[in-house]
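Our numbering applies: residue 510 is where the sequence shown begins, and numbers increase by one.
By construction, the Cβ of each residue, glycine as well, lies at the ideal position given by its N, Cα and C atoms.
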Amino acid sequence: MDIHNVIIIGTGPAGLTAAIYAARAGLNPLVVEGLQSGGQLTITTEVDNFPGFPEGIQGPELMDNIRKQAERFDTQFVAGDVDKVDLSTRPFGVWVEGKEHRAQTVIISTGASARWLGLESETRLRGHGVSACATCDGFFYMDKEVIVIGGGDTAMEEAIFLTRFGKRVRIVHRRDELRASKAMQQQAFANDKIEFIWDSVPLEILDGGSGIVTGIRLKNVKTGEISDTPCDGVFLGIGHTPNSKIFEGQIDLDESGYIIADKGKTSVTGVFACGDIQDTEYKQAITAAGSGCMAAIEAERLLEAEKFAE
Ligand code: NDP
Numbered sequence: 510m511d512i513h514n515v516i517i518i519g520t521g522p523a524g525l526t527a528a529i530y531a532a533r534a535g536l537n538p539l540v541v542e543g544l545q546s547g548g549q550l551t552i553t554t555e556v557d558n559f560p561g562f563p564e565g566i567q568g569p570e571l572m573d574n575i576r577k578q579a580e581r582f583d584t585q586f587v588a589g590d591v592d593k594v595d596l597s598t599r600p601f602g603v604w605v606e607g608k609e610h611r612a613q614t615v616i617i618s619t620g621a622s623a624r625w626l627g628l629e630s631e632t633r634l635r636g637h638g639v640s641a642c643a644t645c646d647g648f649f650y651m652d653k654e655v656i657v658i659g660g661g662d663t664a665m666e667e668a669i670f671l672t673r674f675g676k677r678v679r680i681v682h683r684r685d686e687l688r689a690s691k692a693m694q695q696q697a698f699a700n701d702k703i704e705f706i707w708d709s710v711p712l713e714i715l716d717g718g719s720g721i722v723t724g725i726r727l728k729n730v731k732t733g734e735i736s737d738t739p740c741d742g743v744f745l746g747i748g749h750t751p752n753s754k755i756f757e758g759q760i761d762l763d764e765s766g767y768i769i770a771d772k773g774k775t776s777v778t779g780v781f782a783c784g785d786i787q788d789t790e791y792k793q794a795i796t797a798a799g800s801g802c803m804a805a806i807e808a809e810r811l812l813e814a815e816k817f818a819e
C-alpha cells in the first residue's frame, strides 16, 4: 500500500486550498471528496464576498474553479466518504468506503452542517425562501419580512445581519429566554427592526401553493395556539453540527464537537484541521480557505523538519 505524504479529508474551500498548497509544495496530496463534494458552498447561490470576483460568483461555480485549480497541480482525488480513521500511530489510517489509505500527515476539513428542523416544507422550499445562511442569502431580502428561527448566537447574528436588508426581522424562539451571549442579546434587543416571538416552534413553512415562501405556521408551546405569520423568508439559526463524529476519542474536541486547533495544529502531531470543523467564530469561505493554506504549510513544515531529523 502507498504511504502518502498527506491525506486531506473534505473538499470545501478549506480542503481544496490545502490541496493547492500541498500539491504546489510537491506533497502529492490524496484528497477524499466526501459525500457533499464541494461543501456548503454548493448549496448556496450568489457569493458576493469572496475576493477576486467583482460581480460575485455562484457558490457551485466557485467550488468548481477551486477544484480545477487543485487538479492543475499533482492532486489525486478519491470519491466517497471516510468510514473510519486511525490517528493513534503514523502513518495514519484513513478508510474510504472500506478501502484503507495511509499517510504521514492528515488534514481534516470535514466542515460543519447547518442544523435543519426536519420539516417537509422546509426541505421543499430550501433555496426558495428557506435558507440557513444569512450572509449568503440576506441580500435577496431587501425591504422584505424575514423570520429567523433559534435563540443562540447564530440566530442573533443572522437576525442582526438581516436587518441591513429586511423591513422587519422576527426571531422565533422555542423558549422565553435566549441562549445567546449577553452581548449578542443586547445588540438584538437594541435593534429597532428586530422583534421576538417567544415560546413558539414552527409547524410548517407556507407557500400558498406558489413554491416560494409566503409565511410560517407557528405553535405557541405554552398556550397551544396555532397561528400563521406572513413572511418572505425563513432563516434557520438553530446551530451547526461539526462533522467530527469519526474523530471522537482520537483527537481533542471542544464540548460542541469542534476540533481544537491552533494554526491548524491539533492535539495529535501530524494531524491538522482547517475550515468550519475548527471554526466556531467566522465560518466564512475565505477564512476557511485561509486556514486550509495554514494547515498545508504546517504539514509541509512538519514533514520537512522530520526529514532533516532522520
Ligand atoms: P446553539 O446551540 O448555541 O443555539 C441553538 C439555538 O437554536 C438554541 O437557542 C436552541 O434552543 C435553538 N434550537 C435548537 N434546535 C432547535 C429546534 N429543533 N427547534 C427550534 N429551536 C432549536 O448554536 P449556535 O449556532 O447559536 O452557537 C454555537 C456556538 O457557536 C456557540 O458556542 C456560540 O456562542 C458560537 N457562536 C458564536 C458567534 C459569535 O461569537 N459571533 C456566532 C455564532 C455562533 P434552546 O435555547 O431552547 O436550546
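Any idea if residue i is buried or exposed, counting beta-carbon neighbours within 10 angstroms, 16 or more meaning buried?
i: R679; result: buried
i: I636; result: A quick correction: the sequence has Gly, not Ile, at residue 636. Classification for G636: exposed.
i: V655; result: buried
i: D788; result: buried
i: Y791; result: exposed
i: I529; result: buried
i: E588; result: Correcting the residue type first, residue 588 is Ala in the shown sequence and not Glu. Exposed: under 16 other Cβ atoms inside 10 Å.
i: A699; result: exposed
i: I516; result: buried
i: P711; result: buried
i: I518; result: buried
i: E757; result: exposed
i: I512; result: exposed
i: E819; result: exposed
i: T598; result: exposed
i: P538; result: buried
i: A814; result: exposed
i: E609; result: exposed
i: G568; result: buried
i: E666; result: buried
Less than 9 Å between the C-beta atoms of residue i and residue j, yes or no?
i: A692; j: G746; result: no
i: G822; j: R624; result: This structure cannot speak to residue 822, because the chain is shown only from 510 to 819.
i: G661; j: G742; result: no
i: I575; j: A808; result: no
i: A612; j: I806; result: no
i: G492; j: M803; result: Nothing about residue 492 can be reported from this structure: the residues present for the chain run from 510 to 819 only.
i: F562; j: D646; result: no
i: S736; j: L727; result: yes
i: I669; j: I721; result: no
i: G548; j: G801; result: no
i: L812; j: T614; result: yes
i: V777; j: Q759; result: yes
With a threshold of 7 Å on Cβ separation, who are the neighbours of residue i within its own chain once the five nearest residues in sequence on each side are excluded?
i: L571; result: L550, V556 and F559
i: I755; result: V591, K593 and V594
i: L634; result: I714, D716 and V722
Can you list, in chain order, the residues of its chain whose CB lies under 8 Å from that of residue i, leaving out five sequence neighbours each side?
i: I795; result: P522, N558, F559 and P560
i: Q793; result: N558 and T644
i: W707; result: H682, R684 and D685
i: I725; result: I656, V681, P711, E713, I714, L715, D737, T738, C740 and V743
Whose C-beta lies closer than 6 Å to the C-beta of residue i among residues of the same chain, with five residues either side of it excluded?
i: G751; result: One detail in the question is off: residue 751 reads as Pro in this sequence, not Gly. So the qualifying residues of the chain are A621, G766, Y767 and I786.
i: A782; result: I617, I768, A770 and T775
i: I566; result: V556
Using 9 Å as the limit for Cβ to Cβ distance, is residue i near chain D?
i: D716; result: This model lacks chain D altogether, as it is built from one protein chain only.
Which runs of the alpha helix (DSSP H) spanning at least 4 residues fall entirely within the segment 644-718, listed in chain order?
662-671 and 691-699
Should the segment 627-636 be called in touch with the segment 533-549, which here means at least 3 C-beta pairs below 8 Å?
no
Taking only runs that begin and end inside the segment 731-819, name each unbroken alpha helix (DSSP H) of 4 or more residues, in chain order.
794-818
How do the segment 574-584 and the segment 595-605 stand: do at least 3 beta-carbon pairs fall below 8 Å, yes or no?
Contact annotation: the segment 574-584 does not touch the segment 595-605, with fewer than three C-beta pairs closer than 8 Å.
Those runs of the alpha helix (DSSP H) which lie wholly inside the segment 541-615 and span at least 4 residues
568-581
Mind the definition here: the segment 665-679 touches the segment 646-654 only if three or more C-beta pairs lie below 8 Å; say whether that holds.
yes
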